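Each residue of the sequence shown is one higher than the last, beginning at 11 in my numbering.
Just so it is clear, CB atoms sit at the ideal spot from N, CA and C, and this is done for glycine as well.
On a predicted model such as this, the values are computed, not experimentally measured, just so you know.
Structure first, commentary second.
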Amino acid sequence: MIKTYLKLRNQAKESLFFLKKNALKKTIFPEIINIETSVLCNANCITCPHKEIVRKINMDFSLFKKILDEIHNYNVKEIHPFNYGEPFLYKEFINALKYIRQKSPNSKIFIYSNGAAMTNEQMQEVVTQNLLDKVNFSLDAANSDTYKTVRGLDYDKTIEKINHFLELNKQNNNKIEVSVSFVITEQNKKQISEFKKIWKNKANIHLGVDDGREGKPFINKSSNKPCSWPFNRITILTNGEVVICCIDAMGKLILGNVEKNTIKEIWDSPQYENIRQLHLSKKKDQIPLCANCFVRY
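Next up, the structure:
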């Protein structure tokens, strides 16, 4: 555990060095865009406030296409068609990925998934048609009992699906970058070594810590230092509302709605700019959502 903490601390220092070296500057248009295609989820994760979300379940595909039609005009580095929900449960998910490839071919497509909802047909299309650039399977456990506790799903069935995805990807020259993640909590902290042993030769491994979105954080790392998200990223919820980042699960700080305004208009709005200035001035504690945030990008 000590080594894990040191690694996370060093990663945080490296991130801060990068921010100081390059300065926090607003990009012309968001470089990374989260589009919450659905809030449907088949899991019951102890670290997630999903059960409290009451907004529209799925994004209308017409709205999704409207968003991509605007993105088409800009150089967007990454598009993440997920937020609070399992992306493979979105009924238009494959069509959404195809539309991204059509309208924004130079953008990388990245998702987080629990892996348990994937169908064989979806896996086949995603892999053979190169519809993803990166996928992270969130597992947080190394055995059935712990997995049931922290995610509420069937471990063996999930692992079988992920292994099938890995095999398909291998047959397709591993064109999709695959990772598995382990968010450290009190319930699973003794399984880190076993998790690494299971996956070290199969996928990239990402370790994180419970940031406190659903209860007390595993490590308190809050500070008033600026976050980079307001300067280069944006999150769009299923109902079209724009929030500052993925931490805002309940949509408490709404910066606009893409059904009424363009992303560019919202991105350049005085309200958004005020948030950036508060972060630059190390006054983000004046923003209720940011004041107690334990995540710093």
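### Query
What residue from N52, G222, Y84 and F103 has the CA that sits closest to E46's CA?
F103
### Query
Can you give the Cα-Cα distance for N140 and Q296, rounded to whole angstroms?
43 Å
### Message
So, for T272: in the same chain, excluding its five sequence neighbours on each side, which residues have a beta-carbon less than 7 Å away from its beta-carbon?
### Response
E80
### Task
Find out if the Cβ-Cβ distance for the pair C209, P40 is shorter than 8 Å.
Reading off the sequence, residue 209 comes out as Trp, not Cys. Contact flag unset, no.
### Query
Using the C-alpha atoms, what's the distance from L290 back to E283?
11 Å
#### Entry: Simplified DSSP assignment, three categories, for N179
helix
### Message
Using the three-state DSSP reduction, which class does S238 fall into: helix, strand or coil?
### Response
coil
### Message
If you measure between the beta carbons of S148 and S203, is that distance less than 8 Å?
### Response
no
### Task
Identify whether T245 lies in helix, strand or coil by the three-state DSSP scheme.
strand
### Query
Between the stretch 176-184 and the stretch 67-83, do three or more beta carbon pairs fall short of 8 Å?
no
### Task
Find the nearest neighbour of S321 within the set I56, K293, I244 and F120, judged by alpha-carbon distance.
This structure cannot settle anything about residue 321, because the visible part of the chain is limited to 11 through 307.
### 7 Å Cβ shell around F241 - same chain, five flanking residues per side excluded
L34, K35, K36, T37 and R286
### Message
C255 and T245 - do their beta-carbons sit closer together than 8 Å?
### Response
yes
#### Entry: Beta-ladder partner(s) of E88, from DSSP
I42 and K118
### Message
Quick check on the burial criterion: 16 or more other C-beta atoms within 10 angstroms. Buried or exposed for E275?
### Response
exposed
### Query
Under the rule that 16 or more other beta-carbon atoms within 10 Å means buried, what is A301, buried or exposed?
exposed
### Task
Could you say which of N183, N198, V49 and K61 lies nearest to T159 if we only look at CA atoms?
N198
### Task
Identify whether N52 lies in helix, strand or coil by the three-state DSSP scheme.
coil
### Task
State yes or no: is the C-beta of T156 within less than 8 Å of the C-beta of Q201?
yes
### Message
If you follow the alpha helix (DSSP H) that V268 is in, where does it begin and where does it stop?
### Response
Premise fails: V268 is in no alpha helix (DSSP H) and is neither H nor E.
### Query
Just checking my contact of K87 with K118 at CB under 8 Å: how many whole Å lie between their CB atoms?
7 Å
### Message
Can you tell me which residues form a DSSP beta bridge with I308?
### Response
This structure gives no information on residue 308, because the portion of the chain shown stretches from 11 to 307.
### Task
In the DSSP assignment, find the unbroken alpha helix (DSSP H) run with I254 in it and report its ends.
Unbroken run through I254: none, as it is neither H nor E.
#### Entry: CA-to-CA distance, L288 to A319, given in whole angstroms
No answer is possible for residue 319: it lies beyond the span of the chain, which begins at 11 and ends at 307.
### Task
Output the boundary residues of the alpha helix (DSSP H) element that contains I215.
Careful: I215 lies outside any alpha helix (DSSP H), inside the beta strand (DSSP E) at N214 to V219.
### Task
Would you mind sorting H90 into buried or exposed? The rule is 16 or more other CB atoms within 10 Å of its CB.
buried
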